[in-house]
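**Student:** With the working numbering, you'll find the sequence shown wraps up at 1261, consecutive numbering, no jumps.
Built from N, CA and C at the ideal position, the CB exists for glycine as well.
Keep in mind the model is a prediction, meaning the values are calculated, not measured.
Take this structure, written in structure tokens, and hold onto it; I'll ask about it next.
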Amino acid sequence: MELFYTNTRDSSERVTASQAILNGLAGKGGLYVPTAIPHLEMPLSDLAGKTYQEIAYEVMRLFLTDFTEEELRHCIESAYDEKFDCQEIAPIREADGAYFLELYHGATAAFKDMALSILPHLLITAAKKNHITDEIVILTATSGDTGKAALAGFAGVEGTKIIVFYPKDGVSPIQERQMVTQQGDNTLVVGIHGNFDEAQTGVKQMFSDPKLNADMAKAGYRFSSANSINVGRLVPQIVYYVYACAKLTGGSGEHINVVVPTGNFGNILAAYYARCMGMPIDRLVCASNENKVLYDFFSTGVYDRNREFVLTSSPSMDILISSNLERLIYRIAGDDAAENEKLMRQLTETGVYKITQKMREQLDIFYGNFADEAETAATIHSYFKDAGYLMDTHTAVAAAVYGKYVADTGDRKKTVIASTASPFKFTRSVMKAINSDDPSADDMTLADRLAAISGVPIPKPIDSIRDAAVVHHTVCDINEMEPVVRDFLKN
Ligand SMILES: *Cc1c(COP(=O)(O)O)cnc(C)c1O
């Protein structure tokens, strides 16, 4: 059965999966959503014995119905290969009674690789399908990990260019170094004087600027997005939740909970979609850091971004506008684009919106909480000392919130914690948490020491930036983003 995608802000828009991937953002600033969430056809007991790639095919074919089997299998095989440092792709490790779904074994050691290693292949296939001959220009704002994962995915891919904007003072030194050492003539990395939300807003403005888009079209370019709003990122993220359900329950009927360290709400939305597909997932635990706008939203029904932006040790979650939440709002509004559009307009105009009681009732399956900096560090410390398990700061926010969830509810169901980055990407914070900090040592030295203390080897993507040359030097103000783009594209 063919599945179409509609716009969360305009019910008259209807496109195929490949068109949704190509367009990235829908019209009027809306997001693409499937008109119905398909039910998983193959029983979990059958999936339990399958590889990650096989499960990926069974899930993705239901969402990307205009891709042929050959095309989709080719995309999957090209993405989930030796770029990952383990055959399982997303291994599950038990520690202190929780199941850590490690999503950081790809090319850049963060969970963004799960989707961004396949997105370029989906995009190129989608372009061919729609007879697009323009060069695709990926514009991306990053809070740290997306940037490098997108660069790694697109570098050297023919028919594409990629431009990444990151907050100059809002990413870790290793994250920054990973990006500015990116090779490839088709890549540009730009630091901005501003935070992630400002970078994201700047990118969104370029997408919807008619003059800029017309000029680009004339020059043979077409903008697309690698941000987590793209359907081509959302769908591959559903896969690992199905994978985890298959591996952990084997189709026994047992239910599990899922905890996700959340920023832009893309990862947890994928878990929600997996649940809608019929996966035996009970509660979805949304873990925030001190930028706890989502915790407040789940507790009060009011989304309020008017607050101080806090820089934390989990920078990929330092976000006040969680773009993907819009897809959930749309759904709990009864797939009502007009209602959703009204709320999103309020968010743009006033920074606040309030959902109705009827909408709130559908959020029972979510549990929101947050962990402050001290709790995050204490969690890294205790899991390492007591269970011998080393985790990064983002995963630690989730593990800390999981502790609060169990204390609040007494629910000890089998629980998957999405483990989103290698501890070596945030070495300084991790070392500080396990009382091995040394302010005088640089990050690579600390990484060597962390490897020695923990017995966990430094992942290759991080080890390899040691001697890599810095090739990107551009830094600009927020209002200079467009000129920088035009300059790179010589237009
Ligand atoms: C992006 C990211 C997150 C947040 O994921 P969202 O989909 O934006 O909610 C959490 N942890 C890490 C390490 C990330 O890179």
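Determine the extent of the alpha helix (DSSP H) in which G1138 is found, giving its start and end residues.
**Tutor:** If you number the sequence shown from 1, residue 1138 lands on position 368. Where G1138 is concerned, there is no enclosing alpha helix (DSSP H), although the beta strand (DSSP E) it sits in stretches over 1136-1140.
**Student:** In this structure, does DSSP put D1208 in helix, strand or coil?
**Tutor:** For this step, residue 1208 is matched to residue 438 along the sequence shown. In the three-state reduction of the DSSP assignment, D1208 falls in the coil class, being assigned neither a helical nor a strand state.
**Student:** Got a sec: does ligand 1 put a non-hydrogen atom nearer than 7 angstroms to the Cβ of F881?
**Tutor:** Counting from one through the sequence shown, the residue named residue 881 turns up at place 111. Indeed, a heavy atom of ligand 1 lies less than 7 angstroms from the Cβ.
**Student:** Let me know if T1236 comes out buried or exposed under the rule of 16 or more other beta-carbons within 10 Å of its beta-carbon.
**Tutor:** Indexing the sequence shown from 1 puts residue 1236 at position 466. Note that residue 1236 is Arg in the sequence shown, not Thr. Exposed is the call here.
**Student:** Report the residue from K798, V941, T1215 whose alpha carbon sits nearest the alpha carbon of I1228.
**Tutor:** Residue 1228 sits at position 458 when you count from the first residue of the sequence shown. Check the Cα spacing between I1228 and each of K798, V941, T1215: the tightest is with T1215.
**Student:** If you measure between the beta carbons of C1056 and T1032, is that distance less than 8 angstroms?
**Tutor:** In the sequence shown, the residue the question calls residue 1056 occupies position 286. In the sequence shown, the residue the question calls residue 1032 occupies position 262. A contact, by the Cβ cut-off of 8 angstroms.
**Student:** For V1005, which three-state DSSP category applies?
**Tutor:** Residue 1005 sits at position 235 when you count from the first residue of the sequence shown. In the structure shown, V1005 sits in a helix (DSSP, three-state: H, G or I).
**Student:** Measure the alpha-carbon distance for T1146 versus P943 and round it to whole angstroms.
**Tutor:** Start at 1 with the first residue of the sequence shown, and residue 1146 comes out as number 376. Start at 1 with the first residue of the sequence shown, and residue 943 comes out as number 173. Roughly 20 angstroms separates the two Cα atoms.
**Student:** In whole angstroms, what separates the C-alpha of Q952 from that of T821?
**Tutor:** Here residue 952 refers to the residue found at position 182 of the sequence shown. Here residue 821 refers to the residue found at position 51 of the sequence shown. Each residue's alpha carbon lies about 31 angstroms from the other.
**Student:** Answer with buried or exposed for Q948, where buried requires no fewer than 16 other C-beta atoms within 10 angstroms of its C-beta.
**Tutor:** Along the sequence shown, one-based indexing puts residue 948 at 178. The residue is buried, with at least 16 neighbouring Cβ atoms inside 10 Å.
**Student:** Just the Cα atoms here: how many angstroms apart are V1122 and R1198?
**Tutor:** To locate residue 1122, count along the sequence shown from 1; it is residue 352. To locate residue 1198, count along the sequence shown from 1; it is residue 428. Distance between the alpha carbons of V1122 and R1198 is about 35 angstroms.
**Student:** Based on the DSSP secondary-structure assignment, which residues constitute the bridge partners of S1058?
**Tutor:** Locating residue 1058 in the sequence shown gives position 288, where the first residue counts as 1. DSSP, once it has assigned bridges, lists F1140 as partnering S1058.
**Student:** On the three-state DSSP scale, how would you describe F833?
**Tutor:** Here residue 833 refers to the residue found at position 63 when the sequence shown is read from its first residue. The answer is helix: DSSP assigns F833 an H, G or I state.
**Student:** Roughly how many whole angstroms lie between the Cα atoms of T1149 and P980?
**Tutor:** To locate residue 1149, count along the sequence shown from 1; it is residue 379. To locate residue 980, count along the sequence shown from 1; it is residue 210. Going by the C-alpha atoms only, they are around 48 angstroms apart.
**Student:** Quick one, which of E1096, Y1010, V1080 has its alpha-carbon nearest I1051's?
**Tutor:** Reading the sequence shown from its first residue, position 281 is the one you call residue 1051. When each option's Cα is compared against that of I1051, the closest is Y1010.
**Student:** Given a cut-off of 8 angstroms on the beta-carbon distance, is the pair H963 and K938 in contact?
**Tutor:** Stepping through the sequence shown from its first residue, residue 963 is reached at position 193. Stepping through the sequence shown from its first residue, residue 938 is reached at position 168. Yes, Cβ-Cβ distance for H963 and K938 is below 8 angstroms.
**Student:** Which class does L958 belong to by DSSP, given the choice of helix, strand or coil?
**Tutor:** Reading the sequence shown from its first residue, position 188 is the one you call residue 958. If DSSP states are grouped into helix, strand and coil, L958 belongs with the strands.
**Student:** Could you pull the start and end residues of the alpha helix (DSSP H) that S995 belongs to?
**Tutor:** To locate residue 995, count along the sequence shown from 1; it is residue 225. From DSSP, S995 is part of no alpha helix (DSSP H) but of the beta strand (DSSP E) over 991-995.
**Student:** Please classify M771: is it buried, with 16 or more other beta-carbons within 10 angstroms of its beta-carbon, or exposed?
**Tutor:** Indexing the sequence shown from 1 puts residue 771 at position 1. M771 is exposed by the Cβ-count criterion.
**Student:** Taking only three categories from DSSP, how would you classify T821?
**Tutor:** Position 51 of the sequence shown, counted from the first residue, corresponds to residue 821. Residue state, collapsed to three classes: coil.
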